[in-house]
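Student: Quick one: this structure, given as structure tokens, is what I'll be asking you about.
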Amino acid sequence: DAKTTQPNSMESNEEEPVHLPCNHSTISGTDYIHWYRQLPSQGPEYVIHGLTSNVNNRMASLAIAEDRKSSTLILHRATLRDAAVYYCIPQYGQNFVFGPGTRLSVLP
Amino acid sequence: NAGVMQNPRHLVRRRGQEARLRCSPMKGHSHVYWYRQLPEEGLKFMVYLQKENIIDESGMPKERFSAEFPKEGPSILRIQQVVRGDSAAYFCASTAKRRETQYFGPGTRLLVL
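Chains as they are written, first to last, in my numbering: chain D, 1 to 108; chain E, 1001 to 1113.
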């Protein structure tokens, strides 16, 4: 069965970088790695996705290991609004399989 | 460009009643996915539909739950004879094509009394 491992929780100080790790050892060569985040009482919000090489967008960067068995979401300067649950989702087939995610707390 | 819309945002039902949850995908999107989220848990896939077709319903309970996505109008998730265990947040997501990035709606929070 597909398995994704993320820390249950992490803390960061405001305006510091945050590195959120994810292990996805059973991913296949054609499955994209997606990251979403969910703020309280809201739907998941798309953050970033990638296949093999590192990706950057206005929200974050995604660093993908060469063997694709792990990835790291990087928030370059955490703000209080970044406090959320972050989900790492390897796309197995056509469906997204959500794990429990990492709850990120940002301290002022 | 309006995002994914869901209504109602909150729904209260008594045990045994029916619940109808609606999802209007983003403009240009013809693929809809429904998920259920229990408190303090991640989202669980329920069903994937394309216009007028159910593609994958492997996550749907076998009884009382049904979903449709008609040619015209929103996708509907229907729960008959609700029980307290159906209380959860129900999210839908949409894509323009299969296996694309999914965009989620704000969810419907169902409370069964």
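Built from N, CA and C at the ideal position, the CB exists for glycine as well.
Small disclaimer: the values here were computed from a predicted structure and weren't measured.
Distance check for F1104(E) and L1038(E), CA to CA, integer angstroms please.
Tutor: Here residue 1038(E) is taken as the residue at index 38 of the second sequence, counted from 1. Here residue 1104(E) is taken as the residue at index 104 of the second sequence, counted from 1. If you take the alpha carbons of L1038(E) and F1104(E), they lie about 17 Å apart.
Student: Going by DSSP, what residues sit across from M1005(E) in a beta bridge?
Tutor: By 1-based counting over the second sequence, the position of residue 1005(E) is 5. Looking at the DSSP assignment, M1005(E) forms a beta bridge with S1024(E).
Student: Thinking just about the alpha-carbon of each residue, which of A1093(E), K1044(E) and E1018(E) is nearest to the one in V1082(E)?
Tutor: Residue mapping note: residue 1082(E) aligns to position 82 of the second sequence, counting from 1. Answer by Cα proximity: E1018(E).
Student: Comparing alpha-carbon positions, which option in K1071(E), P1061(E), S1094(E) and S1030(E) lies nearest R1078(E)?
Tutor: As a working note, residue 1078(E) is residue 78 in the second sequence. Here the closest residue by C-alpha is P1061(E).
Student: Taking Cβ-Cβ distances shorter than 8 Å, what residues in chain D pair up with T1101(E)?
Tutor: Looking up residue 1101(E) in the second sequence gives position 101. Neighbours of T1101(E) on chain D, chain order: H34, Y46 and H49.
Student: Is it buried or exposed, H1010(E), if we count other Cβ atoms within 10 angstroms and call 16 or more buried?
Tutor: The sequence position of residue 1010(E) within the second sequence is 10, counting from 1. When all chains shown are included, H1010(E) counts as exposed.
Student: With DSSP collapsed to three states, give me the class of L1113(E).
Tutor: The residue given as residue 1113(E) occupies position 113 in the second sequence. Looking at L1113(E) - three-state DSSP - the assignment turns out to be coil, as it is neither helix nor strand.
Student: Please tell me whether E1041(E) has its Cβ less than 8 Å away from any Cβ of chain D.
Tutor: As a working note, residue 1041(E) is residue 41 in the second sequence. True, the Cβ-Cβ gap to chain D drops below 8 Å.
Student: What in chain D is Cβ-close to P1106(E), meaning under 7 Å?
Tutor: By one-based count along the second sequence, residue 1106(E) stands at place 106. The contacting residues are Q42 and G43.
Student: So P21(D) contacts chain E; which residues on that side make the cut at Cβ distance below 8 Å?
Tutor: Here residue 21(D) is taken as the residue at index 21 of the first sequence, counted from 1. Going along chain E, no residue has its Cβ under 8 Å from P21(D), so there is no contact; the nearest lies around 17 Å.
Student: Out of T26(D), Q38(D) and E14(D), which one is the CA nearest neighbour of G101(D)?
Tutor: Translated into the one-based positions of the first sequence, residue 101(D) becomes position 101. The shortest C-alpha separation from G101(D) is found at Q38(D).
Student: According to DSSP, simplified to helix, strand and coil, what is D82(D)?
Tutor: What you label residue 82(D) is simply residue 82 of the first sequence in a count that begins at 1. DSSP places D82(D) in helix when its eight states are reduced to three.
Student: Please report how far the alpha carbon of F98(D) lies from the alpha carbon of T30(D), in whole angstroms.
Tutor: In the first sequence, residue 98(D) corresponds to position 98, counting from 1. In the first sequence, residue 30(D) corresponds to position 30, counting from 1. Cα to Cα, the separation comes out at about 18 Å.
Student: Go through its chain and collect everything with a Cβ distance to I1055(E)'s Cβ below 7 Å, but skip five positions before and after it.
Tutor: Position 55 of the second sequence, counting from 1, holds the residue named residue 1055(E). Once the five neighbours on either side are set aside, the close Cβ partners of I1055(E) are Y1048 and L1049.
Student: Report the residue from R1013(E), S1075(E), M1026(E) and Q1006(E) whose alpha carbon sits nearest the alpha carbon of N1053(E).
Tutor: Numbered from 1 along the second sequence, position 53 holds the residue referred to as residue 1053(E). Taking only the C-alpha atoms, the option nearest N1053(E) is S1075(E).
Student: For R1084(E), count the other beta carbons within 10 Å of its own beta carbon; 16 or more makes it buried, fewer makes it exposed. Which is it?
Tutor: Sequence index remark: in the second sequence, residue 1084(E) carries index 84 (1-based). Flag for R1084(E) reads exposed.
Student: Look at the Cβ atom of V47(D), then the Cβ atom of Y32(D), and state whether they are nearer than 8 Å.
Tutor: Here residue 47(D) refers to the residue found at position 47 when the first sequence is read from its first residue. Here residue 32(D) refers to the residue found at position 32 when the first sequence is read from its first residue. Going by C-beta atoms, V47(D) is not nearer than 8 Å to Y32(D).
Student: My output table needs one value for D1056(E): the three-state DSSP class, helix, strand or coil.
Tutor: Indexing the second sequence from 1 puts residue 1056(E) at position 56. D1056(E): strand per DSSP, three-state reduction.
Student: How many Å lie between N56(D) and L62(D) at the Cα?
Tutor: Within the first sequence, residue 56(D) is the residue found at index 56, counting from 1. Within the first sequence, residue 62(D) is the residue found at index 62, counting from 1. Taking the CA atoms as reference points, N56(D) sits about 6 Å from L62(D).
Student: Given that a residue counts as buried once 16 or more other Cβ atoms are within 10 Å of its Cβ, and exposed if not, what is L1113(E)?
Tutor: Here residue 1113(E) refers to the residue found at position 113 when the second sequence is read from its first residue. The residue is exposed, with fewer than 16 neighbouring Cβ atoms inside 10 Å.
Student: With a threshold of 8 Å between beta-carbons, can G29(D) be considered close to chain E, or not?
Tutor: Taking the first sequence and counting its residues from 1, one reaches residue 29(D) at position 29. False, the Cβ-Cβ gap to chain E never drops below 8 Å.
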